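Residue numbers (the numbering used here): 1 to 136. For reference, the structure discussed in these notes is given below.
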């Protein structure tokens, strides 16, 4: 028996993502702005198995496979893709010169989810007021 193996191919992974979107924004008045858009995203994720020596336990009294990281096993292999469609809108209004109100919403559809539609919305408000003291 020769020297112990010190380098292993422990497998690996890859991730690819392509995103395409389209946005429109229009200021209807000095106080009201509306934005809308759509997005398509393609995702591809893979896990590759490593060589058996990186994960196989030949001696039950010792640690399994390569030390540090045991390597990806054949049952860890993944080859997954999904497509995501999204649409969003954003409305913003200056109620007064010191008060801004914003409402945004987003809908997404994931090709790999059982309940594929996700809806998020967010109201926001901001009050702009500056207090100036006599410390200048």
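Every residue, glycine too, gets a C-beta built ideally from N, C-alpha and C. All values reported here derive from a predicted model rather than from experimental measurement.
*asked:* Which residues does DSSP list as the beta-bridge partners of residue 34?
replied: As a first step, residue 34 is located in the chain shown; it is residue number 34 there, counting from the start. In the DSSP assignment, residue 34 forms a beta bridge with 26, 91.
*Does the distance from the CB of residue 35 to the CB of residue 91 come in under 9 Å?*
Walking along the chain shown from the start, residue 35 turns up at place 35. Walking along the chain shown from the start, residue 91 turns up at place 91. The answer is yes: Cβ separation under 9 Å.
_Going by DSSP in three states, residue 123 sits in which element: helix, strand or coil?_
The residue labelled residue 123 in the question sits at position 123 within the chain shown. Three-state result, residue 123: strand.
_Which residue wins for smallest C-alpha separation from residue 207, given the options 121, 97, 80?_
Outside the displayed range of the chain (1 to 136) lies residue 207, so it cannot be described from this structure.
*asked:* Using 9 Å as the threshold, is the C-beta distance between residue 21 and residue 40 below it?
replied: The residue labelled residue 21 in the question sits at position 21 within the chain shown. The residue labelled residue 40 in the question sits at position 40 within the chain shown. With respect to residue 40, residue 21 sits close: the two C-beta atoms are nearer than 9 Å.
*Give the range of the beta strand (DSSP E) segment to which residue 107 is assigned.*
By one-based count along the chain shown, residue 107 stands at place 107. From DSSP, the beta strand (DSSP E) with residue 107 extends over 99-110.
_Here's a check: name, in chain order, each residue in its chain whose Cβ is nearer than 7 Å to the Cβ of residue 5, leaving out the five neighbours to either side._
As a first step, residue 5 is located in the chain shown; it is residue number 5 there, counting from the start. Excluding positions up to five away in sequence, the list reads 53.
*Cβ of residue 71 within 9 Å of Cβ of residue 55?*
Taking the first residue of the chain shown as position 1, residue 71 is located at position 71. Taking the first residue of the chain shown as position 1, residue 55 is located at position 55. Judged by their CB atoms, residue 71 and residue 55 are nearer to each other than the 9 Å cut-off.
*Where does residue 10 sit, in a helix, a strand or coil, going by DSSP?*
Translated into positions along the chain shown, residue 10 becomes position 10. Three-state DSSP puts residue 10 in coil, outside helix and strand.
*Using alpha carbons as the reference points, say which of 48, 23, 19 lies closest to residue 11.*
One-based indexing of the chain shown puts residue 11 at position 11. The shortest Cα separation from residue 11 among 48, 23, 19 belongs to 48.
*Work out the CA separation of residue 102 and residue 120 for me, nearest whole Å.*
Here residue 120 is taken as the residue at index 120 of the chain shown, counted from 1. Here residue 102 is taken as the residue at index 102 of the chain shown, counted from 1. Residue 120 and residue 102: Cα-Cα distance of roughly 14 Å.
*asked:* Distance check for residue 87 and residue 117, CA to CA, integer angstroms please.
replied: Residue mapping note: residue 117 aligns to position 117 of the chain shown, counting from 1. Residue mapping note: residue 87 aligns to position 87 of the chain shown, counting from 1. Here the alpha carbon of residue 117 sits roughly 11 Å from the alpha carbon of residue 87.
*asked:* With H, G and I counted as helix, E and B as strand and the rest as coil, what does DSSP make of residue 79?
replied: Along the chain shown, one-based indexing puts residue 79 at 79. Residue state for residue 79 is assigned as strand, using DSSP reduced to three classes.
*Could you check the C-alpha separation between residue 136 and residue 94 for me, to the nearest Å?*
Residue numbering aside, residue 136 sits at position 136 when the chain shown is read from its first letter. Residue numbering aside, residue 94 sits at position 94 when the chain shown is read from its first letter. Unreliable placement is indicated for residue 136, whose pLDDT of 49 sits below 50; the coordinate value is still reported in the next sentence. Distance from the CA atom of residue 136 to the CA atom of residue 94, rounded to whole angstroms, is 30 Å.
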